[in-house]
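Encoded as structure tokens, the structure appears first; notes follow it.
There are 2 protein chains.
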Amino acid sequence: MLGLMNASVFESFAIWGVLLIAFLGLGYALFLRKQVLSQDKGTQGMQDVWNAIRTGADAYLKRQLKSILPLILVLTAVLFFSVYVIPPSDEALKRFSNFAPDMVRLIVGFGRAAAFIMGAFFSLTVGQFGMRMAVEGNVRVASASRRSFAEALKIAYRTGTITGMLTDGLGLLGGTAIFIIFGIASPDVLLGFGFGGTLLALFMRVGGGIYTKAADVGADLVGKVEKNIPEDDPRNAAVIADLVGDNVGDCAGMAADIFESYEVTIVSGLILGLALVSITGELKWIVFPLLVRGIGVLSSIIGTYLVKGKKGEDKGQDAFKSINLGFYSSAAISIAAFLILAHYYMHEWRAFFSVAIGIVLAIVIDEVTKYFTHTHHAPVKEIASSSKTGSATLILRGLSIGFESSAWQFIVIALTIMAAIVIYWGQPVVFILYGVAMTGIGMLTLTGNNVAMDSFGPIADNANGIGEMAHLEKDARQIMADLDAVGNTTKAITKGVAIGSAVIAAVSLFGAFLTDVTKVQAQMGIVDSLRLLITGIRVSEPIVFVGVLIGAAIPCLFSSLMINSVARAASLIVDEVRRQFHTPGLMEGKVKPDYKKAVDICTIAAQKELVGLALIAVLSPLLIGMLLRVEALGGFLAGVIVSGQLLAVFMATAGGAWDNAKKTIEDGLYGGKGSDAHKASVVGDTVGDPLKDTSGPALNPMIKVINMVSLLAAPIIIHYRITNAGVIISMVLCVVVIFGAIIYSKHGALSFKKKGETGF
Amino acid sequence: MLGLMNASVFESFAIWGVLLIAFLGLGYALFLRKQVLSQDKGTQGMQDVWNAIRTGADAYLKRQLKSILPLILVLTAVLFFSVYVIPPSDEALKRFSNFAPDMVRLIVGFGRAAAFIMGAFFSLTVGQFGMRMAVEGNVRVASASRRSFAEALKIAYRTGTITGMLTDGLGLLGGTAIFIIFGIASPDVLLGFGFGGTLLALFMRVGGGIYTKAADVGADLVGKVEKNIPEDDPRNAAVIADLVGDNVGDCAGMAADIFESYEVTIVSGLILGLALVSITGELKWIVFPLLVRGIGVLSSIIGTYLVKGKKGEDKGQDAFKSINLGFYSSAAISIAAFLILAHYYMHEWRAFFSVAIGIVLAIVIDEVTKYFTHTHHAPVKEIASSSKTGSATLILRGLSIGFESSAWQFIVIALTIMAAIVIYWGQPVVFILYGVAMTGIGMLTLTGNNVAMDSFGPIADNANGIGEMAHLEKDARQIMADLDAVGNTTKAITKGVAIGSAVIAAVSLFGAFLTDVTKVQAQMGIVDSLRLLITGIRVSEPIVFVGVLIGAAIPCLFSSLMINSVARAASLIVDEVRRQFHTPGLMEGKVKPDYKKAVDICTIAAQKELVGLALIAVLSPLLIGMLLRVEALGGFLAGVIVSGQLLAVFMATAGGAWDNAKKTIEDGLYGGKGSDAHKASVVGDTVGDPLKDTSGPALNPMIKVINMVSLLAAPIIIHYRITNAGVIISMVLCVVVIFGAIIYSKHGALSFKKKGETGF
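Residue numbers (my numbering), protein chains in the order written: chain A, 70 to 829; chain B, 70 to 829.
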């Protein structure tokens, strides 16, 4: 069975068992959904606000689907026909040896196209369904907070868990199903699955990031700064867009991002695992990661179900304790099960150590993130203190802390790879790459818990907003404010894990790329054997160094364009909100603003801006591969990873630290709200917001999209000569489209009349 | 002769001729010095101010010498005894074949130590002598501006040219002299020369950068922001420190930086040239770069002498025209001479094209820098426009422009390397690396003109300051203000060239490193031949990737520490200036402030801060080399170059663009001085100043110091095993010292009492 020569009975059962666990995870998500939906939605006033948010969210989701669908269709066709450019691998011919070669080609083509659609659809589902559930949860949490803290906490966390279990379940389902059907031929198809997931995640991250910050910055600039009215004031036309934005960015964007890391680590884990299978003849290398993931889902189900508030006094602390209890229960169950697996199934410890290091890495990155961005530690205190000499010194201090955190994150990732080297000391390079992939698998074991903790943030935030706008009772609003504070912390923690896992996932993909290239070259007789993995990717080769430099340029360009996009979209919101403030009766609260207009502006802006950025990510590796060949493409990927990580960590840390520095000042430090120190800290926060919520996070899926495209394109690039007319035409097309995309993203993405006057 | 088998009569004469040209350049510098010193020093009031600046500058130079000398002595000993760890190369034994091997060892040891001292001393001389001359020039320019614009321009430019010709002359003298004495054994010794120059340049860049910005930010924060008194107001205790700082940073720091690039390109050019000599048996590869440099010096002498103002109306334009005339005359003479050289001596065109591309590269980088930082182009206009919505949007726009410029600079450098690949298509890799080195040689051909243009900036700036403080006539002050504006532009242009040449120089050094490693490995029988240059530096090797990641971390850490150093030193100045403002009678102008105190604070701070940073730069490559071996060290260098370039360009561009955005607003845009837009732009400028004048520029020599240390250490690292007790002890020592240095630079570099309260 499985198209695998020597699967033991246990292994066959185990793999079907993992599939079952995937469905169990999804079933658990549905169960929680029913539980949440059965809660009451509170007063009419609350439901009015909630309806506005829901309508806004729906509009965004529909519009997003509409603009993404054509591209998905085109790419599905491209992936299907790609088998007619590059024939299926030897493994595929072996797997389907009872079919004619032409038929196998068709099977693989269909498989790849279907896997792509599946990956895209799953990523979309996690984002969209998760976000819909978050919106459903908001109002119910607000209503529950009128009864008790414990109940509100439980509903908020369980709503978040729905997204978490969807992420787990769908990621595992896709990978396992492909493996069951295609067996040793899986890599041919898995790439389609991975590409679909990463591409959609890129869309949702970029679109969500632009939406949320355009609404946020736009609302604040006019509301808080110009008109001096509080946040979430119903008279501000952008306030609903702002609330929708929290869901779009933190729920949909983040969930799709983590889903994609989850999926990509399983894709690269399976590809590298299969390489080991072909070297050692042992099937365990590929069954292991699937079992680890299955265990993770089970332990997440148990752990997340344990989270519920107590009716105690110190509510914030209680909530933390409960969420942490859930997390550590899951972790303990997982590790115990991994130990059993290592002893009784693997009969060796190396794979266990790799996975365990993943869990350690998650904790270390968590601590590093906390150190640099939490109010209790030196960096945020220093930033807050520098507010006394004005915003310039505060910005400088934040930049300095951002750069420092980048340095340490590099060291942490380097140590992780070192660990894989030490664990697989003396083995061929493929083993080390497999070790890194297993670290990624381990790091994302508790994705269910992580996503739950992350989604909890915007749900609590929105509930708080509904409470504010519907003028709920003071007690209930205090409960929601407490919940919101807890949510801010859990959200920040998962952000660090998201970046760290993205980098590890990208490195695993890079490993898969190297293996893939060597495999193709071995089949063509260019290199001797997969065992040696001697690809020609030497930085000492000038053309590879050229690749590294161009690769390093891409994240810089991307960041720059993203910041501009936010600024541009925000300027449209500023204009709109200003315009609406002139509506007679609005400031007195007699006339309601037109929330929908602001929502529309954000929705359209977010969708328009992402086209150019997506084209750059998809086409640049193709161009480099065709023009400079596959070795330079390897260098390009290394450059993208290095510069991408540098910028992603820098922006996330600096942004988070400025945000929290502002909060400590708002809590009364250096004169508190309204003081000069506070004004300086608001500048820092405004600078940091688009960095930490738009540009920085968008780099995660961008890095992986580029890696996925390279993996897909590598065999074609190796086979074809640069002198081929089709290749030359493609290259010219790529250059034209890339430059068009850059110009589009820089200037033309949005046409607006008063460009020079909006201040952006 | 020359220890070279087959030098033709022309070649022998040519090399001695180059040496003669080097002396000619130095003689020209002395001639200009005499010319400048013969000018009058103006009124007593002017001389009083000038004396204060001179005393401050002298104090800095003396203190610097005192703190650097012990380190130079230690390193001289280390370099001398290094020949007893690694024996001299085969080439050295061949060159001095009439000596016993032990004697040859002694000769090479002495040579290397002497070359190190020479490199250090030359670098120091360029910085210190150039700065002294700038100070001498200041007051004379101020005095001449009371007579005519043309005369003031001529004196200012000629004073700058003194530093320019020193840079040219000393760089050429050192390289040529070593080549004449050591012939084919030059690489053994040249490394000492290069290391001495880069290390001193690092000191002068770091120290100068901290000094100048601490004084500037400190003076502005209290004077302009708190007390609302104009810049260069004599009541501000930090005003003299600020004027001294301009010299310390822009004269001494910049000149040492460019000198070091000049020197390092000749070092790597000669090393790679010798590799080609050994492959082809033709001496021309090594004679060519020396001749190119010789031609450059001659054409700079002619070109710079042409610069003198006309007695016209439009003074700023006239000045530009005259300076440009000088530059393009030099360029035209050079290119014509290169053509003759290519046709009659080289009998081929490849080397000519490489050098010509260097000149083109200088112009392209110049244009890119101008586009991103000049007031006439979109980026600065956009930043200025975003000032209307406050400092946050202005900062964001600047960050975005900084990132974008990094992206394009990467592409430009990548295209340059691509050009070398195309020019040497089909040749072994060493030829391509040689081509890159020749591009570096070409790019710095007109160093004499470049340094003159750069030094012109602070000279004009200081003259203007003297005019302000000595209350000169209105006409004279207008002339000085015009000169100052011209100086700001020429200064900005050369900054782009400095970064670009630093990257190209670093890539050349990286090439020399690869060649060197292969040579040693070939001698040990690890690889076949230098011709193939197959080093094991594959990014596909996990340990190399670890090296890349750690390498990328270093510039991040460095930037972070530098920003903190400036902030800390500036906070000391703020305290001091505030304290002095309380002196009775000072605000009324009856009592003079104690300028010396502020100068002392800056001097001590600058020297203390650089120790930790220098240790990190010197020890980190040693540690990586010993711990992870030479392949990972190669990856480390690539990581340092990529992340270093990203940050250096980002900081220089963002800083420059903010600065000019402020200037356009001060010229009347969006309400001009005092408007809200202006306040926002001042925040941007204050953030940008330490980035563009301290952290960014310091990365140039840092990248090269790390490359030089790696080159020096490579043979030792290849020979020794990691299990050697001495190596283990060294590694532990390195770790301890590096972490000590980080902690020292982060916290302890300066002890000050009210740490928590100074706002930094």
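Virtual Cβ for every residue (Gly too), placed ideally from N, Cα, C. Predicted model only: the values in this text are computed from it and were never measured.
Residues in its own chain within less than 7 Å of residue i by CB, not counting five upstream and five downstream?
i, result
"D302 of chain B", "G292 and V308"
"L375 of chain A", "L394, G395 and S398"
"V804 of chain A", "L692"
"L144 of chain B", "F185"
If the cut is a Cβ gap below 8 Å, which residues of chain A does residue i touch?
i, result
"C625 of chain B", "F472, E473, S475, A476, F479, L715 and F719"
"A636 of chain B", "S455, T462, L465, R466 and S469"
Any beta-carbon of chain A closer than 8 Å to the one on residue i?
i, result
"A388 of chain B", "no"
"P784 of chain B", "no"
"T458 of chain B", "yes"
"L290 of chain B", "yes"
"M487 of chain B", "yes"
"R600 of chain B", "Unreliable placement is indicated for R600 of chain B, whose pLDDT of 45 sits below 50; the coordinate value is still reported in the next sentence. Cβ-Cβ to chain A under 8 Å: no for R600 of chain B."
"V752 of chain B", "yes"
"R607 of chain B", "yes"
"I619 of chain B", "yes"
Using a cut-off of 9 Å between C-beta atoms, extract the partners of residue i located in chain A.
i, result
"I348 of chain B", "The contacting residues do not exist; I348 of chain B stays about 17 Å from chain A at best."
Determine whether the Cβ of residue i lies closer than 8 Å to any Cβ atom of chain B.
i, result
"G278 of chain A", "no"
"M187 of chain A", "no"
"F407 of chain A", "no"
"Y813 of chain A", "no"
"V555 of chain A", "no"
"F614 of chain A", "yes"
Give the C-beta separation of residue i and residue j to the nearest angstrom, bearing in mind that I take them to be a contact with Cβ-Cβ under 8 Å.
i, j, result
"I434 of chain B", "V566 of chain B", "6 Å"
"V699 of chain B", "I786 of chain B", "5 Å"
"G511 of chain B", "G427 of chain B", "2 Å"
"A284 of chain A", "D311 of chain A", "5 Å"
"P690 of chain B", "L682 of chain B", "About 14 Å separates the two Cβ atoms, so there is no contact after all."
Residue i touches chain B at which residues, Cβ-Cβ below 9 Å?
i, result
"A622 of chain A", "S475, A476, W477, Q478, F479, I480, A483 and L715"
"P759 of chain A", "L465"
Please list, in chain order, the chain B residues whose beta carbon lies closer than 7 Å to that of residue i.
i, result
"E610 of chain A", "V498"
"T755 of chain A", "A461"
"S628 of chain A", "F472"
Among the residues of its own chain, which have a CB less than 8 Å from the CB of residue i, if the five just before and after it don't count?
i, result
"T485 of chain B", "I426, L430, V505, T508 and I573"
The ligand SAH and residue i: does the residue's C-beta get closer than 7 Å to at least one heavy atom of that ligand?
i, result
"P448 of chain B", "Of ligands this structure carries none, so the ligand SAH is not represented either."
Taking residue i as the query, report the chain A residues whose CB atoms sit under 7 Å from its CB, ordered along the chain.
i, result
"N468 of chain B", "Rather than Asn, the amino acid found at residue 468 of chain B in this sequence is Leu. Neighbours of L468 of chain B on chain A, chain order: I632."
"L242 of chain B", "By Cβ distance, chain A contributes nothing, its closest Cβ being about 31 Å from L242 of chain B, past 7 Å."
Residues of chain B with CB under 8 Å from residue i, in chain order?
i, result
"L345 of chain A", "Result: empty, since nearest Cβ-Cβ is about 15 Å, beyond 8 Å."
Excluding the 5 residues flanking residue i on each side, which residues of the same chain have their C-beta closer than 6 Å to its C-beta?
i, result
"G704 of chain B", "V613, G616 and V617"
Query raised in the report: Going along the chain, which residues of the stretch 491-513 of chain A sit with their C-beta nearer than 8 Å to a C-beta in chain B?
Result: V498, I501, L502 and V505
Query - Residues within the stretch 204-216 of chain A neighbouring chain B, beta-carbon criterion of under 7 Å - result: none
Requested in this report: Check each residue of the stretch 730-747 of chain A: if its Cβ is closer than 9 Å to any Cβ of chain B, include it; give the result in chain order.
Outcome: none
Query raised in the report: Closer than 7 Å, Cβ to any Cβ of chain B: which residues of the stretch 688-715 of chain A, in chain order?
Result: G703, G704, A707, G708, V711, S712 and L715
**Report entry** Residues from the stretch 526-538 of chain A in contact with chain B, defined by Cβ distance under 7 Å
**Finding:** Contact annotation: in the stretch 526-538 of chain A, no residue has its CB less than 7 Å from a CB in chain B.
**Report entry** the stretch 135-163 of chain A: positions lying closer than 8 Å to chain B by Cβ
**Finding:** none
Requested in this report: Output, in sequence order along the chain, the residues in the stretch 562-591 of chain A whose CB is closer than 7 Å to any CB in chain B.
Outcome: L583
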